[in-house]
Amino acid sequence: MSNSHLAPGAVLSGATKGRTHCENLPPLSAQNLEMGRPRRAGSLPGRSSVPGTPLRPPVQQPATPGPDLLALEEEYKRLNAELQAKTADVVRQAKEIIRDRQEVRSRPLSTQVKSCDDKDDYSLRGPLPSEGIVHLHSETKPKTKNIDPVSKVQNKLHSANKGRKTNSSVKLKYSDVQTANDVVIPEDFSDFSLAETFSKIEGQLEEEGLPEYIDDIFSGASNNIGAEAQLRFLKAKVHVMQEELDNVACECNKKEDEIQNLKLQVKNFEEDFMKQQRTIHMQQSQVEKYKTLFEEANKKCDGLQQQLSSVERELEDKGRLQKQAASSQSATEVRLNRALEEAEKYKLELNKLRQNNKDITNEDHKKIEVLKSENKKLEKQKGELIIGFKKQLKLIDVLKRQKMHFEAAKMLSFTEEEFMKALEWNGEINK
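As structure tokens, this is what we get:
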């Protein structure tokens, strides 16, 4: 912007006192939570402050993730409502400024110049008959710091008007229209600073004096140069505020979807945890049951071995008796027959006992094989449980990291809110 545009566009003197750099908040998706990626929770998208609007304290994040997300949702809704109110206020101000500029241009500037020249103390002019917003600048030294360069330019203009009888003009100011301190500047005004521009103009006027073409600059107000520049700026401002409002609305919708997804994930995690607990208890009870069965089988095996040893001793006794009966032929045939019959009976019993022993041993071998297979299954289940516990430990570590990132994000939001409060406090002091 050139100096010729700054002079008639006096309304821009308070329009861009500060800027707020807004950063888009990345969406809180489940992948970001799993990866534990940090982000700045304090830099909300499309957030700008208006003078006189106090900043709310940072939202305290509770320990549980559910209420924290609900608080973030409420915060986004509140910011959305504030941005809508600010947008409506900016549109209203733009309409009032356009209407006031049209009324001012409809009046001749000569009447305003005459009324300004008649006053010796250079005091402020009262409101026009049909306009309560437009005022003449005071030619005395201003009390505030922000309009100091403008008043110095007007003092030099007033001293130049005393030497000239014609071609005099007065700079107008909208005193009742409150402009935003922190607004998003369009790309064309990204490197623009009113303070530096006013300081440059003041230095040039002190070194070189008032330029000869100053009358042409102020006569350009009749050509709608200042009003058009101001209208373009306000349209750009309304457009940027509307984009910020749309971004915040989209961000709120995304956050609501993410909250629902996180609730489902928490519910699924709880169900999985309960299932794992139930399976662990069931497997522990099965392990105890199999231990008792194994001990009982060992006891049975010991009893069978004792029975087998007793039967073997009995068989040895019977063999000795048979040898004694065979060696002693002096006994009678009855005793011999009886002994033979007894021997046959004992042989039959022995065969039965051997068969029973074989069956018992086969059953014992089968039971041992079954127990071995069950032990293998238990070992396999034990390995699976250990793997599951390791996965759960990894998930716990990931959740701990996420908690650390949430705490870091909360600290960052706290420091950024304090920084913004300090900036606004400094701006109020400068006013």
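Everything in the sequence shown is counted per my numbering, starting at 78 for the first residue and increasing by one.
Every residue gets a Cβ at the ideal spot worked out from N, C-alpha and C, and that includes glycine.
Worksheet item: Which of helix, strand or coil does DSSP assign to T409?
Response: coil
Q: Starting from the Cα of Q342, find the closest Cα among E494, G465, Q458 and L476 and give me that residue.
A: L476
_To the nearest angstrom, how far is the alpha carbon of Q401 from that of N439?_
35 Å
task = Return the CA-CA distance between L448 and I357, expressed in angstroms with no decimal places.
result = 21 Å
Three-pair Cβ contact test at 8 Å for the stretch 459–467 versus the stretch 410–429
no
E393: buried (16+ other C-beta within 10 angstroms of its C-beta) or exposed?
exposed
| Taking Cβ positions, are K352 and E150 nearer each other than 8 Å? | no
Self-check item: Q479 to L472 span [Cα, whole Å]
Solution: 10 Å
**Message:** Given this structure, state the Cα-to-Cα distance separating L425 from T369, to the nearest angstrom.
**Reply:** 37 Å
* Measure the Cβ-Cβ separation of K154 and C329 and say whether it is below 8 Å. => yes
Between the stretch 407–414 and the stretch 363–383, can you find at least three pairs of beta-carbon atoms closer than 8 Å? no
Worksheet item: Is V325 near N503, with beta carbons less than 8 Å apart?
Response: no
* To do: Spatial neighbours of Q161 within its chain, please: CB distance less than 7 Å, with the 5 preceding and 5 following residues excluded, ordered by chain position.
  => L322
Buried or exposed by the 16-neighbour rule on C-beta atoms within 10 Å, applied to E446
exposed
- request: Express the C-alpha separation of I175 and H316 in angstroms, rounding to a whole number.
  value: 17 Å
Use the C-beta contact count for V364: other C-beta atoms within 10 angstroms, 16 or more gives buried, fewer gives exposed. exposed
| Under the rule that 16 or more other beta-carbon atoms within 10 Å means buried, what is D474, buried or exposed? | exposed
### Query
Nearest to Q469 by CA position, among Q360, D145 and D349, is which residue?
D349
Notebook entry, point to check: Beta carbon of Q319, beta carbon of T492: below 8 Å?
Noted result: no
Through-space distance from G465 to E494, alpha-carbon basis
43 Å
Do L311 and A171 count as a contact pair if the criterion is CB distance below 8 Å? yes
Within 10 Å of its beta-carbon, does D177 have 16 or more other beta-carbons around it, so buried, or fewer, so exposed?
buried
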